[in-house]
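Student:
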Amino acid sequence: MMAHYCKRILVGFILLLITAGLLLVFTSHLDDFDFDNTIQQELTFESQGNTLSGTLLLPGSGQPAAVAVIIHGDGPQDRYSNMGYSPLFNTLTDAGIAVFSWDKAGVGSSRGNWLDQSMPDRAEEAAAALRFIQSRYPGGTVQVGFLGFSQAGWVIPAAAGQSHPAFSVIIGAAVNWRDQGQFYQKLRYAQQGKTPDDIARLLAEEQTENDRIFSMNGSKDPANRSDMTPDRFAFVAKNYLSDSSADLPHMNGRVLAVWGAEDLNVNARADACRYQSALKDNPQADVMVVPQAGHGLLRAPAFNYQLESDWPVLRRWHFLYSGRDAYYPGALNLITDWIENKKPDLTPYLPVCKA
1 MMAHYCKRIL VGFILLLITA GLLLVFTSHL DDFDFDNTIQ QELTFESQGN TLSGTLLLPG
61 SGQPAAVAVI IHGDGPQDRY SNMGYSPLFN TLTDAGIAVF SWDKAGVGSS RGNWLDQSMP
121 DRAEEAAAAL RFIQSRYPGG TVQVGFLGFS QAGWVIPAAA GQSHPAFSVI IGAAVNWRDQ
181 GQFYQKLRYA QQGKTPDDIA RLLAEEQTEN DRIFSMNGSK DPANRSDMTP DRFAFVAKNY
241 LSDSSADLPH MNGRVLAVWG AEDLNVNARA DACRYQSALK DNPQADVMVV PQAGHGLLRA
301 PAFNYQLESD WPVLRRWHFL YSGRDAYYPG ALNLITDWIE NKKPDLTPYL PVCKA
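If you count the sequence shown from 1, position 260 lands on 260 in full-length UniProt numbering, and the numbers rise without skipping.
(1) Considering only residues of the same chain and omitting the five flanking positions on each side of N282, which have a CB-CB separation below 8 Å?
(2) Quick check: what's the CA-CA separation for Y166 versus Q143?
(3) For the alpha helix (DSSP H) containing residue 375, name the first residue and the last one.
(4) Got a sec, what are the start and stop residues for the alpha helix (DSSP H) T208 sits in?
(5) Using a threshold of 8 Å, state whether the C-beta atoms of L264 and N304 are closer than that.
(6) What residue from C353, G49, M119 has the CA that sits closest to residue 377's CA?
(7) Could you name the residues that DSSP lists as bridge partners for M288?
(8) Helix, strand or coil for S53 per DSSP?
(9) When you compare the CB positions of N113 and A123, do they come within less than 8 Å of one another, or not?
(10) In the DSSP assignment, the alpha helix (DSSP H) including L187 goes from what residue to what residue?
(11) Go ahead and label T55 buried or exposed: buried means 16 or more other beta carbons lie within 10 angstroms of its beta carbon, across all protein chains shown.
(12) Are the CB atoms of I71 and A152 nearer to each other than 8 Å?
(13) Between which two residues does the beta strand (DSSP E) holding residue 389 run?
(14) Which value, in whole angstroms, describes the spacing of the CA atoms of C353 and R274?
(15) Between the C-alpha atoms of Q48 and F132, what's the straight-line distance to the nearest angstrom?
(16) By Cβ distance below 6 Å, which residues in the same chain neighbour W154 in space, the five residues on each side in sequence not counted?
(17) If you count every other CB in all the chains shown that lies within 10 Å of the CB of L30, and 16 or more means buried, which is it?
(18) Give me the Cα-Cα distance between T336 and F183, rounded to the nearest whole angstrom.
(19) According to DSSP, simplified to helix, strand and coil, what is F149?
(20) Are the beta-carbon atoms belonging to F146 and V67 less than 8 Å from one another?
(21) By the 10 Å Cβ neighbour count, where 16 or more other Cβ atoms means buried, how is V287 classified, buried or exposed?
(22) Suppose contacts are defined by Cβ-Cβ distances below 8 Å. Is G172 in contact with W259 by that definition?
(23) Between Q41, A300, L307, P301, which has its C-alpha nearest Q185's C-alpha?
(24) How far does the alpha helix (DSSP H) with W317 in it extend, from its first residue to its last?
(25) Kindly identify the DSSP beta-bridge partner or partners of I70.
(26) L88 by DSSP, collapsed to three states: which one?
(27) Out of curiosity, what's the CA-to-CA distance linking Y349 and P138?
(28) When the Cβ atoms of the region 209-226 are set against those of the region 185-201, are three or more pairs found closer than 8 Å?
(29) Check this for me: beta carbons of V290 and L297, under 8 Å apart or not?
(30) Taking the alpha carbon of Y327 as the reference point, which residue from G75, D74, N90, A159 has its own alpha carbon closest?
(31) Pick out the complete alpha helix (DSSP H) segments inside the region 219-250, 4 residues or longer, and give them in chain order.
(32) So what does Y327 bridge to, in DSSP terms?
(33) Which of helix, strand or coil does DSSP assign to L58?
(34) Could you tell me if G140 is buried or exposed, where buried requires 16 or more neighbouring beta carbons within 10 angstroms of its beta carbon?
(35) Would you check if the distance between the CB atom of F149 and the CB atom of G73 is smaller than 8 Å?
(36) Taking 8 Å as the cut-off, decide whether the C-beta atoms of L57 and T44 are in contact.
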């Protein structure tokens, strides 16, 4: 009797697992993490003595309406950002927009060292990638432009001034490196439970110390920052004074700058207003702030973290389950429609800026 009862429990448990597995397959977006519906072309191009290796993802038809040249944010990112870009890339290719993305210098199959690069170096590399892809679609038959994140905000404006992209999409950009560092660290301290007075004191001390080391006349002495590797120190020293203000008014092509209102890495509202001011004379420029979205336009608070390392394991699984649904609803469709020049209504997302 007991054996029969245990057998029934075991069968029920197996059926439960099968049902759960079927639900996972049919309700998840796990297919957003493969590229089975795309045509993949492995390509290399040259920039500043480095051979850079990437992939051109084409929609299944092989005939894209546009190509987005991807400009990474900070860190040693490969062409798919450890598969984190996959839902976005699949959304783009499903809309008929091809994607070209490459391993950063010294990452994956690319030569060089990304930490040796200044922002002007990155801009030169981005412009080289754009021209390389444009050469594959001569005569302007296919729109080729930039799409980038975070640190790309110091890259794309300069690159778009020295090349001729059809469009530039910039997501989660800061204007000033020093200001962004203070904003980021302020929220970091708040998350650690520090008091407002302590935060103000610490930020003032850090700004003074960083300026002493990294400013125009700073010491540039790595011994003063034992928390950084020599390569990282040199990277910060090259880029500490980065500010895109002078580049923004001179961008060629259409411009879409987008922030998530709940961004924990950059001051979304302040930087959106800076962009709006800098681009005021560009009739082809649009600026938008998406509510309830974080740094990469992922839904907040569900996926709103400052660092990838902050993500709990269960939240990573949640992202894999959600795929493109992890983004704020409608945000990616707005971007694809804008790239294809369908003139989506951005009025609900316009930033509110002081005159």
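We treat Cβ as the ideally placed atom computed from N, Cα and C, and that holds for glycine.
Only a predicted model underlies this, so the values are computations on that prediction, with no experimental measurement involved.
Tutor: Looking at the coordinates:
(1) Reading the sequence shown from its first residue, position 282 is the one you call residue 282. Cβ within range, chain order: P249, M251, V255.
(2) Indexing the sequence shown from 1 puts residue 166 at position 166. Indexing the sequence shown from 1 puts residue 143 at position 143. Strictly speaking, residue 166 in this sequence is Ala, with Tyr absent from that position. Rounded to whole angstroms, A166 to Q143 spans 6 Å at the Cα level.
(3) Residue 375 lies beyond the stretch modelled for the chain, which goes from 1 to 355, so this question has no answer here.
(4) As a first step, residue 208 is located in the sequence shown; it is residue number 208 there, counting from the start. Note, T208: alpha helix (DSSP H), 196-214.
(5) Along the sequence shown, read from residue 1 onward, the residue named residue 264 stands at position 264. Along the sequence shown, read from residue 1 onward, the residue named residue 304 stands at position 304. Yes; because the gap between Cβ atoms is below 8 Å, this pair is in contact.
(6) With the chain covering 1 to 355 only, the question about residue 377 has no answer from this structure.
(7) Indexing the sequence shown from 1 puts residue 288 at position 288. M288 pairs with V258.
(8) In the sequence shown, the residue the question calls residue 53 occupies position 53. Three-state result, S53: strand.
(9) The residue you call residue 113 lines up with position 113 of the sequence shown. The residue you call residue 123 lines up with position 123 of the sequence shown. No; because the gap between Cβ atoms is not below 8 Å, this pair is not in contact.
(10) Your numbering for residue 187 matches position 187 in the sequence shown. Segment 177-191, the alpha helix (DSSP H) holding L187.
(11) Mapped onto the sequence shown, residue 55 falls at position 55. It is buried - the Cβ of T55 has at least 16 other Cβ atoms within 10 Å.
(12) As a first step, residue 71 must be located in the sequence shown, where it is residue number 71. As a first step, residue 152 must be located in the sequence shown, where it is residue number 152. In this structure, A152 lies closer than 8 Å to I71 by Cβ.
(13) This structure cannot speak to residue 389, because the chain is shown only from 1 to 355.
(14) For the purposes of this step, residue 353 is identified with residue 353 of the sequence shown, where counting begins at 1. For the purposes of this step, residue 274 is identified with residue 274 of the sequence shown, where counting begins at 1. Between C353 and R274, the C-alpha separation is close to 9 Å.
(15) Position 48 of the sequence shown, counted from the start, is the residue given in the question as residue 48. Position 132 of the sequence shown, counted from the start, is the residue given in the question as residue 132. In a straight line, the C-alpha of Q48 is about 14 Å away from that of F132.
(16) Position 154 of the sequence shown, counted from the start, is the residue given in the question as residue 154. Taken in chain order, the residues that qualify are M119, S242, S244.
(17) Along the sequence shown, one-based indexing puts residue 30 at 30. Per the 10 Å Cβ criterion, exposed.
(18) Counting from one through the sequence shown, the residue named residue 336 turns up at place 336. Counting from one through the sequence shown, the residue named residue 183 turns up at place 183. Distance between the alpha carbons of T336 and F183: 30 Å.
(19) Along the sequence shown, read from residue 1 onward, the residue named residue 149 stands at position 149. Strand, per DSSP.
(20) As a working note, residue 146 is residue 146 in the sequence shown. As a working note, residue 67 is residue 67 in the sequence shown. Note that the C-beta distance between F146 and V67 is not below 8 Å.
(21) The residue given as residue 287 occupies position 287 in the sequence shown. So V287 counts as buried.
(22) Your numbering for residue 172 matches position 172 in the sequence shown. Your numbering for residue 259 matches position 259 in the sequence shown. Yes.
(23) Counting from one through the sequence shown, the residue named residue 185 turns up at place 185. Out of Q41, A300, L307, P301, L307 has the C-alpha closest to the C-alpha of Q185.
(24) Mapped onto the sequence shown, residue 317 falls at position 317. Annotation: the continuous alpha helix (DSSP H) that includes W317 extends over 313-322.
(25) For the purposes of this step, residue 70 is taken as the residue at position 70 of the sequence shown. Per DSSP, L147.
(26) Stepping through the sequence shown from its first residue, residue 88 is reached at position 88. Shown here, L88 sits in a helix according to DSSP, grouped into three states.
(27) Counted from its first residue, the sequence shown places residue 349 at position 349. Counted from its first residue, the sequence shown places residue 138 at position 138. Distance between the alpha carbons of Y349 and P138 is about 35 Å.
(28) The region 209-226, when compared against the region 185-201, does not touch it at the 8 Å Cβ threshold.
(29) The count along the sequence shown starts at 1 and reaches residue 290 at position 290. The count along the sequence shown starts at 1 and reaches residue 297 at position 297. For V290 and L297, yes; Cβs fall inside 8 Å.
(30) As a working note, residue 327 is residue 327 in the sequence shown. Nearest C-alpha to Y327: N90.
(31) 230-239
(32) As a position in the sequence shown, residue 327 is number 327, starting the count at 1. In the DSSP output, where bridge partners are listed per residue, Y327 has L298.
(33) Within the sequence shown, the letter at position 58 stands for residue 58. Here L58 sits in strand by DSSP.
(34) Taking the sequence shown and counting its residues from 1, one reaches residue 140 at position 140. Burial call: exposed.
(35) Here residue 149 refers to the residue found at position 149 when the sequence shown is read from its first residue. Here residue 73 refers to the residue found at position 73 when the sequence shown is read from its first residue. Taking 8 Å as the Cβ cut-off, F149 and G73 qualify as a contacting pair.
(36) Here residue 57 refers to the residue found at position 57 of the sequence shown. Here residue 44 refers to the residue found at position 44 of the sequence shown. Their beta carbons are not under 8 Å apart, which means L57 does not touch T44 by this criterion.
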